[in-house]
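Chemist:
2 protein chains.
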Amino acid sequence: MVQQRNRRTRIADVAREAGVSKTAVSFAFNSPERLSSDTASRIREVASSLGYRPHPVARMLTQRQTRTLGVLTPQALSVVFANPFFSTFSQGVALAAEEAAYSLLFVSPVLGSLELAVDRATVDGLVAVGLSEEHPEVEQVRQADLPIVMVDSSPFPEHSSVDVDDEKGARAAAEHLVGLGHRDFLVVGAEPPTPGSRVSFDGIVGRRLAGYRAALAAAGIDLPDECVVVGPATVEGGTECFARAWEDGLRPTAVLAMSDAMAIGVLAAAHRLGLRVPEDLSVVGFDDIDVARLVNPPLTTVHQPVRRKGEEACRLLLAAIERHDEPRPEHRRLDTRLIVRGSSGRAPQPRQEVAAEE
Amino acid sequence: MVQQRNRRTRIADVAREAGVSKTAVSFAFNSPERLSSDTASRIREVASSLGYRPHPVARMLTQRQTRTLGVLTPQALSVVFANPFFSTFSQGVALAAEEAAYSLLFVSPVLGSLELAVDRATVDGLVAVGLSEEHPEVEQVRQADLPIVMVDSSPFPEHSSVDVDDEKGARAAAEHLVGLGHRDFLVVGAEPPTPGSRVSFDGIVGRRLAGYRAALAAAGIDLPDECVVVGPATVEGGTECFARAWEDGLRPTAVLAMSDAMAIGVLAAAHRLGLRVPEDLSVVGFDDIDVARLVNPPLTTVHQPVRRKGEEACRLLLAAIERHDEPRPEHRRLDTRLIVRGSSGRAPQPRQEVAAEE
DNA sequence: AACGGTTAGCAAACCGGTTTAGCGGAAGGT
DNA sequence: ACCTTCCGCTAAACCGGTTTGCTAACCGTT
């Protein structure tokens, strides 16, 4: 019978077998020029015959770098991966990371604690996405003295950041609908992950809401609080939001959704209620994820360069890691633009002023 | 001027400051019961005032575990994240990993080498997805003596595995179309990442193709080689495949796509060519990803429990890690089922036997 | 023969923690 | 008064590599 669990061969095993010192073995791999060429090749031969592979953790420790980048999200990964926005964003990050031969570690709360997760994370730097002040852990994360780039997060001047002009994008969406004659709106937003207290709109949710409000106010339209509903930032979340609003008696002619995922959920809910889009209801999303143009009807939405967002964030992070002397933070604001497709149309003729049908 | 880059506080700094040994500091965090409670709390106080956080890499080294799971893919991450299948799969993996307080590291080729990537990966185990024999690195990955679970990969009896009965699922898809009267088929598949030699169909591509062929053969239908086209496993890949086939003069009435992503691409290509689905062309996908029911028309497809696949793979891996004595590999085969939606319908009436219009 | 300059390789220190073995002193038992 | 046990803590070894500083041997000069 073979050994139970044949211990991993260490550098010392190779050294002993080859009759040289650990140093020599290390040199054979990392600076072969410091060895005579035949010694070096003999060592490598012994190493491979023993199946030796340097222990990556030990190597990280001595070299004081992990060659790994972290992607930090305040929500659980199982939630975050449900959002197509995130997959697209990750594509961008991955593109830049792979180019530089870095690996990607996804860092999300461990046992409910982001702080703990960050402490455990063996990374050279972090891309934080959607981290707003409402997360009390932000401060500790920032103090982790790791290079960090904030994406769609509360701005901190000392860290590089990437975002888009959410307010402007949202304004464009609302103006589009106003221009089509709509006056009865429902805003569907993402709820903060911490289901506490009154929703504090300080992240992108707040900025987009401000944009909606600005455009509506300019047209003399009031947006009462009960016309702003929130739910999980998923397709299902969008469905729930609209269904709930409908049950509560709201009868909007237009929905402003803060993400395409939720907008698509609204489409599904509307379909289920027998509402035709865009004849009875217009829906405008945000993000322009890949599937937006594939759904039925194709989604009118605010395009933002999600992939590029990830790419730029990653490059800024790599730059911050390279030049590890004094940081030179950079703040990039990418462009948005409205893409009109089939889910938005003229407001339906106002019904006779009958009481809302029960 | 402040210190250039104030070195991270180490355990020794805390020990000195608190007037105790390194051991005591370590105990204060990991086994406080071995210290008098006031010493312990004093140490913790000093530690937090110094901003001490144990170095995660050092901890990994001594504890001989990383509390990190790897997700291994033979393609670049930037490619893989473009496939909704993968996002859904990752959701499942993440769900199980988070439950057990493990982090997730995505391992993909570094500088073109999967082997190198695996050597660098600081993980306690790997979930490998879509690794077939055509990847020469498979062997080395397997010899990394890490616990590993294979998903949708070539079967290795000594490692746990999770997959679905691809052949049966494919057969159901083809039988469905045959039942609708179709006789002219186009099969759209994923190309292997290594663009070498003649396509060797040995992975899931091969198994699904076998299923298609079996069903068609049973109906006396021949599937010539030129009616099997391959491309990148993305929406765009599907579009290209269909467009290319059309240009080559193929006029199928039904398309069997090996993934929903590609099927959706086919829908787009068909739309662009003025073909109505399902009146002129039926399209059946595979996977049943979330968007399949949202596209226009809703996609008929073979459902497989993608999320559960990830979840089960992850649990099997965790089990293999726990019981690190002798492995007890387990092979799970999950169920598929055909979901008929709007993209498949009766075959169009055969045109008068005129020569194919140029 | 003595000298300076390379070259090839080694021992030991180090990265930053954890863990084992053990020690001094106080408390408890007889 | 002495032995034992327990408590609270420490020194040193260890995890598995890399790196620094040094030495011994060899080479060619003068």
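If you read the protein sequences in the order shown, they are chains A and B. At position 322 of the first sequence the residue is numbered 321 (numbering that gives the first Met the number 0), and the sequence of numbers has no breaks. At position 343 of the second sequence the residue is numbered 342 (numbering that gives the first Met the number 0), and the sequence of numbers has no breaks. Here a beta-carbon is modelled for each residue, glycine too, at the ideal position from N, C-alpha and C.
Roughly how many angstroms separate the alpha carbons of PRO304 (chain B) and ILE203 (chain A), rounded to a whole number?
Modeler: 34 Å
Chemist: What's the C-alpha gap between LEU130 (chain A) and HIS158 (chain A)?
Modeler: 13 Å
Chemist: With DSSP as the reference, label VAL70 (chain A) as helix, strand or coil.
Modeler: strand
Chemist: May I ask you to report which of helix, strand or coil DSSP gives PHE88 (chain A)?
Modeler: helix
Chemist: Considering Cα atoms alone, identify which of B:VAL283, B:ALA267, B:PRO296 is closest to ASP289 (chain A).
Modeler: Comparing Cα-Cα distances from ASP289 (chain A) to each of B:VAL283, B:ALA267, B:PRO296, the minimum goes to B:ALA267.
Chemist: What residues of chain B sit near PRO55 (chain A), judged by a beta carbon separation below 7 Å?
Modeler: ASP118, ARG119, ALA120, THR121
Chemist: What residue from A:THR87, A:THR238, A:LEU145 has the CA that sits closest to GLU360 (chain A)'s CA?
Modeler: An answer regarding residue 360 (chain A) cannot be provided, because it is not within the stretch 0 to 357 covered by chain A.
Chemist: Tell me the DSSP secondary structure of MET261 (chain B) in three-state form.
Modeler: helix
Chemist: Let me confirm a value: PRO251 (chain A) is counted as buried when at least 16 other C-beta atoms fall within 10 Å, else exposed. Which label applies?
Modeler: Burial call: buried.
Chemist: Where does ARG197 (chain A) fall in DSSP's three states?
Modeler: Since pLDDT at ARG197 (chain A) reaches only 46, below the 50 mark, its modelled position is unreliable, and the value read off the structure follows with that caveat. Three-state result, ARG197 (chain A): coil.
Chemist: Between the C-alpha atoms of ALA11 (chain B) and SER20 (chain B), what's the straight-line distance to the nearest angstrom?
Modeler: Our two residues, ALA11 (chain B) and SER20 (chain B), have alpha carbons roughly 8 Å apart in a direct line.
Chemist: Any C-beta of chain B sitting closer than 8 Å to the C-beta of SER112 (chain A)?
Modeler: no
Chemist: Leaving out five residues on either side along the sequence, give the residues of the same chain with a beta carbon under 7 Å from the beta carbon of ALA355 (chain A).
Modeler: Residue placement at ALA355 (chain A) cannot be trusted, given a pLDDT of 47 that sits under 50; what the coordinates show is reported in the next sentence. Listed in chain order, the non-local C-beta contacts of ALA355 (chain A) below 7 Å within the same chain comprise GLY248, ARG250, local neighbours out to five positions each way being set aside.
Chemist: Please classify VAL19 (chain B): does DSSP put it in a helix, a strand, or coil?
Modeler: Three-state result, VAL19 (chain B): coil.
Chemist: Mind pulling the alpha helix (DSSP H) runs of 4 or more residues that sit fully within the segment 167-232 of chain A?
Modeler: 203-217
Chemist: For VAL45 (chain A) and chain B, any beta-carbon pair shorter than 8 Å?
Modeler: no
Chemist: Measuring only the C-alpha atoms, how far is GLY219 (chain A) from LEU333 (chain A)?
Modeler: Separation of GLY219 (chain A) and LEU333 (chain A) (C-alpha to C-alpha, rounded to the nearest whole angstrom) is 30 Å.
Chemist: Name the chain A residues whose beta carbon is nearer than 8 Å to that of GLN303 (chain B)?
Modeler: Within chain A, no residue comes near GLN303 (chain B); the closest Cβ sits about 17 Å away, beyond 8 Å.
Chemist: To which residues of the same chain is GLU174 (chain B) closer than 7 Å at the C-beta, ignoring the five residues directly before and after it?
Modeler: Excluding positions up to five away in sequence, the list reads ALA214.
Chemist: What is the DSSP secondary structure of THR299 (chain B), counted as helix, strand or coil?
Modeler: strand
Chemist: Are the segment 110-125 of chain A and the segment 61-71 of chain A touching by the rule of at least three beta carbon pairs closer than 8 Å?
Modeler: Counting Cβ pairs under 8 Å, three or more are found: they touch.
Chemist: With a 10 Å radius around its C-beta and 16 neighbouring C-beta atoms as the bar for buried, classify ASN29 (chain B) as buried or exposed.
Modeler: exposed
Chemist: Comparing alpha-carbon positions, which option in B:THR22, B:ALA14, B:ARG340 lies nearest TYR51 (chain B)?
Modeler: B:ALA14
Chemist: Could you check what DSSP says for LEU337 (chain A) in three-state terms: helix, strand or coil?
Modeler: strand
Chemist: Is the shortest distance between the beta-carbon of ILE320 (chain A) and the beta-carbons of chain B less than 8 Å?
Modeler: Judged by the 8 Å Cβ criterion, ILE320 (chain A) is not in contact with chain B.
Chemist: Compare the C-beta of PHE80 (chain A) against all C-beta atoms of chain B and say whether one is closer than 8 Å.
Modeler: yes
Chemist: If we define contact as Cβ-Cβ less than 8 Å, is LEU49 (chain A) a contact residue for chain B?
Modeler: Under the 8 Å criterion on CB atoms, LEU49 (chain A) is classed as non-interfacial with respect to chain B.
Chemist: Rounding to the nearest angstrom, what Cα-Cα distance links PRO83 (chain A) and PRO296 (chain A) in this structure?
Modeler: 18 Å
Chemist: Do the CB positions of ALA172 (chain A) and LEU255 (chain A) come within less than 8 Å of each other?
Modeler: yes
Chemist: Have a look at VAL294 (chain B) and ARG340 (chain B) and give me their C-alpha separation to the nearest angstrom.
Modeler: Here the alpha carbon of VAL294 (chain B) sits roughly 11 Å from the alpha carbon of ARG340 (chain B).
Chemist: Considering ILE359 (chain B), what are the terminal residues of the beta strand (DSSP E) in which it resides?
Modeler: Since the first and last residues shown for chain B are 0 and 357, residue 359 (chain B) lies out of range.
Chemist: By the criterion of Cβ-Cβ separation under 7 Å, what are the contact partners of ILE263 (chain B) in chain A?
Modeler: The answer, in chain order, is LEU293.
Chemist: Compare the C-beta of ILE147 (chain B) against all C-beta atoms of chain A and say whether one is closer than 8 Å.
Modeler: no
Chemist: Give the DSSP-derived three-state secondary structure of VAL276 (chain A) in the structure shown.
Modeler: coil
Chemist: If we define contact as Cβ-Cβ less than 8 Å, is GLN142 (chain A) a contact residue for chain B?
Modeler: yes
Chemist: Kindly identify the DSSP beta-bridge partner or partners of VAL128 (chain B).
Modeler: B:VAL150
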